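J.: What follows is a structure written as structure tokens; I'll ask about it next.
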Amino acid sequence: MRLQRLIVATVFVCTLVAAAFATASLIGKKAISFTVKDQFEKEWKWEQFKGKNVLLFICDKDGRAYADAWGKPLRAAFGNQCEYVAIGDMSSVPFFMKGFVRGKIRDGMPQPLLLDWDGDIVEYYNCKEDVMNVVMVDKTNTIRYVTNGTGTSDELKTTIQEVQKLLK
Numbered sequence: 004m005r006l007q008r009l010i011v012a013t014v015f016v017c018t019l020v021a022a023a024f025a026t027a028s029l030i031g032k033k034a035i036s037f038t039v040k041d042q043f044e045k046e047w048k049w050e051q052f053k054g055k056n057v058l059l060f061i062c063d064k065d066g067r068a069y070a071d072a073w074g075k076p077l078r079a080a081f082g083n084q085c086e087y088v089a090i091g092d093m094s095s096v097p098f099f100m101k102g103f104v105r106g107k108i109r110d111g112m113p114q115p116l117l118l119d120w121d122g123d124i125v126e127y128y129n130c131k132e133d134v135m136n137v138v139m140v141d142k143t144n145t146i147r148y149v150t151n152g153t154g155t156s157d158e159l160k161t162t163i164q165e166v167q168k169l170l171k
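Residue numbers (the working numbering): 4 to 171.
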């Protein structure tokens with residue numbers, strides 16, 4: 004029984020360390036270049052954001068529940084100092100459901116949501132499932148900050164403080 008607990012605890016700690024390392028390893032890397040369409044079929048290229056500070060909000064369908072918890076406070080804190088880009092992980096949607104899903108998103112969300120059907124963006128940024136992933140890319144196209152969560156007051160406070168430092 005003790006050995007079993009020790010093994011479980013070891014696996015848990017290793018998983019946490021690996022997750023922290025994956026996030027930390029993004030800092031200093033260049034942002035991924037992409038071309039994707041939103042729910043309105045408008046094409047978006049990463050190049051149009053180059054030279055700007057960008058906050059990426061990346062999530063799957065369950066993480067969408069935390070969009071307002073993150074988006075509203077960060078927009079209020081940074082205003083026009085950043086571009087705000089919402090990206091949806093659509094990689095789990097079967098190919099025959101894409102049109103239906105795109106239509107549901109279009110009907111329920113007036114602001115653009117870039118649809119990552121292949122999961123390339125999600126994979127590059129090591130996004131976690133079921134939460135909102137926030138990535139700050141600076142004007143030099145370099146990843147400077149990465150976090151994820153449900154948008155608790157502590158998560159927001161830390162994120163606002165860190166991004167404010169980076170914007171100076």
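C-beta atoms are modelled at their ideal positions from N, C-alpha and C, and glycine is treated no differently. All values reported here derive from a predicted model rather than from experimental measurement.
For the beta strand (DSSP E) containing residue 147, name the first residue and the last one.
T.: Numbered from its first residue, the sequence shown carries residue 147 at position 144. Residues 146 to 152.
J.: Once DSSP output is grouped into helix, strand and coil, what is the label at residue 30?
T.: In the sequence shown, the residue the question calls residue 30 occupies position 27. Three-state DSSP puts residue 30 in coil, outside helix and strand.
J.: Express the C-alpha separation of residue 171 and residue 102 in angstroms, rounding to a whole number.
T.: Position 99 of the sequence shown, counting from 1, holds the residue named residue 102. Position 168 of the sequence shown, counting from 1, holds the residue named residue 171. Straight-line Cα distance between these residues: approximately 43 Å.
J.: With respect to the alpha helix (DSSP H) encompassing residue 159, which residues constitute its N-terminal and C-terminal limits?
T.: To locate residue 159, count along the sequence shown from 1; it is residue 156. Looking at the DSSP string, the run of the alpha helix (DSSP H) that includes residue 159 is 156 to 170.
J.: Which of the three DSSP states, helix, strand or coil, is assigned to residue 60?
T.: Counting from 1 along the sequence shown, the entry for residue 60 is found at position 57. In this structure, residue 60 counts as strand in the three-state DSSP scheme.
J.: What residues in its chain sit with their C-beta under 6 Å from that of residue 152, if we drop five residues either side in the sequence?
T.: Within the sequence shown, residue 152 is the residue found at index 149, counting from 1. If we look at residue 152 and ignore the five residues flanking it on each side, its Cβ neighbours are 134 and 158.
J.: Does the count of Cβ pairs from the segment 41 to 58 and the segment 102 to 116 closer than 8 Å reach three?
T.: A contact exists between the segment 41 to 58 and the segment 102 to 116.
J.: What are the start and end residues of the alpha helix (DSSP H) that includes residue 73?
T.: Translated into positions along the sequence shown, residue 73 becomes position 70. Counting along the chain, the alpha helix (DSSP H) containing residue 73 begins and ends at 70 to 81.
J.: Tell me which residues share the same chain as residue 145 and place their Cβ nearer than 8 Å to its Cβ, disregarding the 5 neighbours each side in the sequence.
T.: As a first step, residue 145 is located in the sequence shown; it is residue number 142 there, counting from the start. So the qualifying residues of the chain are 31, 32, 33 and 34.
J.: Considering only the alpha carbon of each residue, which of 49, 98, 60 and 50 lies closest to residue 149?
T.: Taking the sequence shown and counting its residues from 1, the one referred to as residue 149 is at position 146. Per the Cα distances, 60.
J.: Among 82, 28, 141 and 75, whose alpha-carbon lies nearest the alpha-carbon of residue 155?
T.: Residue mapping note: residue 155 aligns to position 152 of the sequence shown, counting from 1. Comparing Cα positions, the closest option is 75.
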